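Chemist: Numbering-wise (my numbering), the sequence shown opens with residue 1 and increments by one.
Think of the CB as a built atom: it goes at the ideal place given N, C-alpha and C, for glycine as much as any other residue.
If you're wondering where the values come from, they're calculated on a predicted model, not measured in any experiment.
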Amino acid sequence: MAEEAGPLLVEQRQGWRKLTLNRPQKLNAFDAALHATLCDALEDAGRDPACRAVLLSGAGRGFCAGQDLAEPGLTGQEADLGAVLDRGWNRLVRTIRDLPKPVVCAVHGVAAGAGASIAFACDITLAAEDARFAQAFIRIGLIPDSGATWTLTHLAGPARARALAMLGDPISGSEAAAMGLVWRAVPSDAVMGEAEKLCDRLARLPAGALAATKRALAAAESNGFDAQLALEAQMQRELGRSADYAEGVAAFQQKRAARFEGAPE
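1. Which same chain residues, not among the five before or five after E247, have their C-beta less than 7 Å away from its C-beta?
2. Please report the Cβ distance between N28 and A50, rounded to the nearest whole angstrom; I am assuming they are in contact, meaning their Cβ atoms lie under 8 Å.
3. Considering only DSSP beta bridges, list what L99 is partnered with.
4. What residues in its chain sit with their C-beta under 6 Å from that of I171, if we drop five residues either side in the sequence?
5. Taking the Cβ atom as the reference point for each residue, do T125 and V107 lie within a distance shorter than 8 Å?
6. Taking the alpha-carbon of A190 as reference, which of D130, E265, Q254 has the nearest alpha-carbon?
7. Is it right to say D123 is buried, meaning 16 or more other beta carbons lie within 10 angstroms of its own, or is it exposed?
8. Between which two residues does the alpha helix (DSSP H) containing K197 stretch?
9. Compare the beta carbon distance of L198 and V104 with 8 Å and say whether it is the shorter of the two.
10. State the CB to CB distance for the pair A127 and A185, rounded to an integer number of angstroms; the pair is presumed to be in contact (CB under 8 Å).
11. Three or more C-beta pairs closer than 8 Å, one from the segment 241-255 and one from the segment 199-209: is that the case here?
12. Taking the Cβ atom as the reference point for each residue, do Q12 and P264 lie within a distance shorter than 8 Å?
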């Protein structure tokens, strides 16, 4: 059941939560209230052992148009956009990346500016084939932010990152998938159903192994090869003593489906 309507809709599903940006009249552009509400909701999901995955989506005709430029304090000589990032967007993308649970993103319609940045920061992003991703910052005299200068380069490569950032041309969901910016593109009428099925699946997988996988992949972005080998050994040592590992091996040997700790029935 969804909570009372506000800037964010929160739905508790069996083993996971659906968080829906709910400012459709603004194409789900963020103001300070939506930032605070979404970060709090993500952190709450992270603390809840019954929540094993999170789905982030947008209400209305698009995913997210980025920053609401009508919010006070964003223009003029006194404006401090660095402070806006530190208290809002940077906190949000760090929360997504640090959450010890998979964050799935379902993108339809427009994902522009920092709206695209948060989609690229999620763990598994599904996009409608006809979704539109745009690094629109250059059109207002800014650089990509909310981690986009990092994610564009790491996901799509330096050549594509430069063109996307400097030109600001929109690309479709299918093009974003071909570039490696999102995991997969699907027909627009299937994106939400596919994302929900993915969360159902994640909720039944071993939570400890998912959290460790997320940490290991994040560490690989800066670790050297030897450091990563050492981290893998450390994590496997810990996971190898877990009840989920014992259950997974037993299920494999008995040729049955595994039933991991805390997974929904």
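Modeler: This is what the structure gives:
1. Reading the sequence shown from its first residue, position 247 is the one you call residue 247. Non-local beta-carbon contacts of E247 in its own chain, meaning distances under 7 Å to residues more than five positions away in sequence, involve A258, R259, F260 in chain order.
2. Taking the sequence shown and counting its residues from 1, one reaches residue 28 at position 28. Taking the sequence shown and counting its residues from 1, one reaches residue 50 at position 50. For a cut-off of 8 Å, the C-beta gap from N28 to A50 is around 27 Å, too long to register as a contact.
3. For the purposes of this step, residue 99 is identified with residue 99 of the sequence shown, where counting begins at 1. None; L99 has no bridge partner.
4. Within the sequence shown, numbered from 1, the residue matching residue 171 stands at position 171. Apart from the 5 residues on each side of it in sequence, I171 sits with its Cβ closer than 6 Å to the Cβ of F133 in its chain, given in chain order.
5. Along the sequence shown, read from residue 1 onward, the residue named residue 125 stands at position 125. Along the sequence shown, read from residue 1 onward, the residue named residue 107 stands at position 107. In this structure, T125 lies near V107, with their beta-carbon atoms less than 8 Å apart.
6. Taking the first residue of the sequence shown as position 1, residue 190 is located at position 190. Here the closest residue by C-alpha is D130.
7. As a working note, residue 123 is residue 123 in the sequence shown. Counting every other CB atom within 10 Å of its CB across the protein chains shown gives D123 a total of 16 or more, marking it as buried.
8. On the sequence shown, position 197 is the one that residue 197 refers to. Taken as a continuous stretch (DSSP letters only), the alpha helix (DSSP H) holding K197 covers 191-203.
9. The residue labelled residue 198 in the question sits at position 198 within the sequence shown. The residue labelled residue 104 in the question sits at position 104 within the sequence shown. Closer than 8 Å, so yes.
10. Taking the sequence shown and counting its residues from 1, one reaches residue 127 at position 127. Taking the sequence shown and counting its residues from 1, one reaches residue 185 at position 185. A127 to A185, Cβ: 5 Å. Contact.
11. Taking a cut-off of 8 Å for Cβ pairs, the segment 241-255 and the segment 199-209 touch, as three or more such pairs fall below it.
12. Here residue 12 refers to the residue found at position 12 of the sequence shown. Here residue 264 refers to the residue found at position 264 of the sequence shown. Result no, Cβ atoms of Q12 and P264 do not sit closer than 8 Å.
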